[in-house]
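Residue numbering for the sequence shown follows the working numbering, starting at 138 and increasing by one per position.
Glycine residues also receive a C-beta, built at the ideal position from the N, C-alpha and C atoms.
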Amino acid sequence: MIVTYNWLKEFVDFAYTPQELCDRLTMVGLEVDALDEIGGNLDSVIVAKLDSVDKHPEADKLTVCQVNNGTEVVQVVCGATNHKTGDLVALAQPGSVLPGDFKIKKSKIRGQVSMGMLCSEKELALSEESSGIMILPVDLPLGQPVFAALNRKDFQIEIGLTPNRPDCLSVVGVAREVAALCDKKLQLPIPQIKESLEPIAQQTSVVIEDTDYCPRYAARMIKDVKIGPSPDWLVRRLEAVGMRSINNVVDVTNYVMMELGHPLHAFDFKNLQDGRIVVRRAQEGETFTTLDNQEHTLAAEDLMICDGQRAVAMAGVMGGLNSEVQDDTETILLEAAYFKPTAIRRTSKRHGLHTESSHRFERGADIDMLAVALDRAASLIADLGDGSVLSGIIDNYPQPLQTPVLTLHAEKVEKLLDIPVDCDTIQTLLESIGLQVVPGDSTTSLEITVPSFRPDLEREVDLIEEVARLYGYERIPATMPV
138 MIVTYNWLKE FVDFAYTPQE LCDRLTMVGL EVDALDEIGG NLDSVIVAKL DSVDKHPEAD
198 KLTVCQVNNG TEVVQVVCGA TNHKTGDLVA LAQPGSVLPG DFKIKKSKIR GQVSMGMLCS
258 EKELALSEES SGIMILPVDL PLGQPVFAAL NRKDFQIEIG LTPNRPDCLS VVGVAREVAA
318 LCDKKLQLPI PQIKESLEPI AQQTSVVIED TDYCPRYAAR MIKDVKIGPS PDWLVRRLEA
378 VGMRSINNVV DVTNYVMMEL GHPLHAFDFK NLQDGRIVVR RAQEGETFTT LDNQEHTLAA
438 EDLMICDGQR AVAMAGVMGG LNSEVQDDTE TILLEAAYFK PTAIRRTSKR HGLHTESSHR
498 FERGADIDML AVALDRAASL IADLGDGSVL SGIIDNYPQP LQTPVLTLHA EKVEKLLDIP
558 VDCDTIQTLL ESIGLQVVPG DSTTSLEITV PSFRPDLERE VDLIEEVARL YGYERIPATM
618 PV
């Protein structure tokens with residue numbers, strides 16, 4: 138799981154440096170595999186101004202630029218066409234090493250000296266595509282490293298999660314752990330949705346034929362959406378966690394999945410026959426073409442999302458080519474559902490499809506985060522796509538899952554961990570990670586309500602392990618009592 142330092146800070150007001158944060162996370166069982174500064178090796182790429190831009194005397198497609206780097210004016214030969222005198226640009230000075238191990242040297246191009254290179258966003262790994270060199274805002278100070286000047290300094294943190302911690306497959310999940318470490322409050326995003334007067338119930342419906350594989354399915358609808366590229370902040374954030382930008386709608390679903398941990402899927406509503414959703418098992422031998430244009434022969438155990446006539450998504454794994462969001466899409470049906478982990482695991486393995494979505498559903502998504510993620514995504518799609526969210530939400534949840542309650546005995550904690558700990562201390566530790574704790578039947582016991590985002594907590598010993606890691610493994614005696 139990849140998160141970024143700045144993204145975590147949006148949810149927790151902590152004071153740790155990036156390295157301190159990684160050390161603390163590792164000590165509570167979230168082992169950090171890598172810490173990388175985004176743009177950290179590009180300090181020699183600086184803000185510069187084009188004092189003049191002239192045609193190259195020996196090459197029609199090149200220009201010779203006099204570039205002011207804040208301390209001196211140097212000459213750079215450039216092959217782009219989108220720059221002019223007065224522009225601020227990103228100057229890679231000799232000695233710079235760009236992404237891909239591309240070394241910048243003083244050179245001579247068609248007889249003209251070039252003291253570096255004017256960079257595009259792609260060359261700085263700021264985007265996957267670029268049509269010319271990067272033109273910077275006019276108010277940036279000359280000579281300052283570009284990443285610092287643009288306030289794009291950040292740190293990428295890669296965490297090696299064990300399969301039993303699906304709650305940390307999101308920025309919010311990791312932030313919850315950080316909040317517990319520094320005794321700060323977790324600040325969750327609160328979606329603000331402006332709904333139209335038109336009710337969603339008049340446009341579509343949801344039927345769940347298999348409530349074992351799909352206990353809950355919710356949907357919202359957004360009309361008059363304009364499909365287009367995502368804003369820079371969204372593209373940068375997705376790329377920072379290893380995801381590629383596609384369009385504003387798909388990017389929002391990926392962004393919310395990484396932020397809150399719950400996968401979402403957007404359908405082009407006009408391509409849903411009969412305008413409704415049916416969740417059912419596949420028919421043995423039925424064929425289905427996924428978004429990657431691969432045809433799959435389905436088994437009767439595969440759970441499918443269907444419209445009135447045909448399958449439109451492989452539940453929890455990948456959408457269908459027949460209902461994908463395209464440039465002419467105007468109405469979005471947005472799905473947020475909970476699928477049985479074993480069902481998704483079998484389908485994913487059977488068809489050789491492992492996606493970010495299936496990865497989360499296989500390990501156990503948070504059924505109570507579903508509606509929050511749906512509202513968060515609907516709000517962002519409406520904002521970024523100038524759409525209108527229909528009033529209401531379809532939330533088909535016929536048999537709510539039972540919330541487990543476990544009993545924890547303080548004397549067992551003391552015996553197993555060999556530490557002096559009372560009920561008050563245990564309560565403080567467990568409440569810091571979102572568990573509900575009340576006194577038990579005896580003065581040395583507690584009743585713990587396990588939240589839906591922690592499906593791994595099933596027994597008393599699981600709670601004792603939580604106490605151990607939050608108390609601090611380093612504070613527990615190395616020799617356990619006999």
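- Listed in chain order, the non-local C-beta contacts of Asp599 below 7 Å within the same chain comprise Asp593, local neighbours out to five positions each way being set aside.
- Under the DSSP definition of a beta bridge, Thr427 partners with Gly457.
- In this model, Thr544 and Glu584 are separated by some 5 Å (Cα to Cα).
- DSSP assignment within the region 514–557 yields the following whole alpha helix (DSSP H) runs of 4 residues or more, N-terminal first: 547–554.
- By the Cβ neighbour-count rule, Ala474 is buried, with 16 or more other Cβ atoms within 10 Å of its own.
- By DSSP's assignment, Pro282 forms a beta bridge with Ile183.
- Beta-bridge analysis with DSSP links Gly489 to no other residue.
- When secondary structure is reduced to three states using DSSP, Ile246 falls in the strand class.
- Put simply, of Glu157, Asp561, Leu572 and Ile530 the residue whose alpha carbon is nearest the alpha carbon of Arg353 is Ile530.
- With a cutoff of 8 Å on beta-carbon distance, Val393 and Arg513 are scored as near each other.
- DSSP places Ala377 outside any beta strand (DSSP E); the residue lies instead in the alpha helix (DSSP H), whose first and last residues are Asp369 to Ala377.
- Pro336 carries a strand assignment under DSSP once its states are collapsed to helix, strand and coil.
- Boundaries cannot be given for Pro352, as no beta strand (DSSP E) includes it and DSSP labels it neither H nor E.
- For Asn205, the pairing in a beta bridge is given by DSSP as Lys186 and Val210.
- Per DSSP, Arg313 has no beta-bridge partner at all.
- Between Cys351 and Phe476, the CB-CB gap stays under 8 Å.
- With respect to Val184, Leu277 sits close: the two C-beta atoms are nearer than 8 Å.
- Buried is the label assigned to Tyr142, since at least 16 other Cβ atoms lie within 10 Å of its Cβ.
- Of all alpha-carbon atoms in Thr581, Ser525 and Ser569, the one lying nearest the alpha-carbon of Val587 is that of Ser569.
- Beta-bridge annotation (DSSP): Asp291 is paired with Ile175.
- Cβ-Cβ distances below 7 Å link Glu195 to Arg247 and Gly248 in the same chain, with the five nearest sequence neighbours on each side left out; the list follows chain order.
- Counting C-beta pairs with one atom in each stretch, the region 175–189 and the region 402–414 have fewer than three that are closer than 8 Å, which means they do not touch.
- Secondary structure of Leu507 (DSSP, three-state): helix.
- Across the structure, Ala419 and Ala448 are spaced so that their CA atoms are roughly 8 Å apart.
- In terms of Cβ geometry, Asp388 and Arg591 do not form a close pair [threshold 8 Å].
- Comparing C-alpha distances from Asp224 to each of Leu273, Gly216 and Ile241 shows the shortest one belongs to Leu273.
- For Gly237, the number of other beta carbons within 10 angstroms of its own is below 16, and it is reported as exposed.
- Distance from the CA atom of Lys146 to the CA atom of Leu318, rounded to whole angstroms, is 13 Å.
- The criterion of a C-beta distance shorter than 8 Å is not satisfied by Pro282 and Asp188.
- Counting every other CB atom within 10 Å of its CB across the protein chains shown gives Glu260 a total of 16 or more, marking it as buried.
- Val210 places its beta carbon 8 Å or farther from that of Val201.
- Taken atom to atom, the span from the alpha-carbon of Lys321 to that of Arg374 is near 24 Å.
- At least 8 Å separates the beta-carbon of Pro614 from that of Asp561.
- In the structure shown, the three-state DSSP call for Gly297 is strand.
- At a Cβ-Cβ threshold of 8 Å, Val415 and Asp347 do not count as neighbours.
- Residue Val311 holds the alpha-carbon nearest to the alpha-carbon of Met395 among Ile601, Ile364 and Val311.
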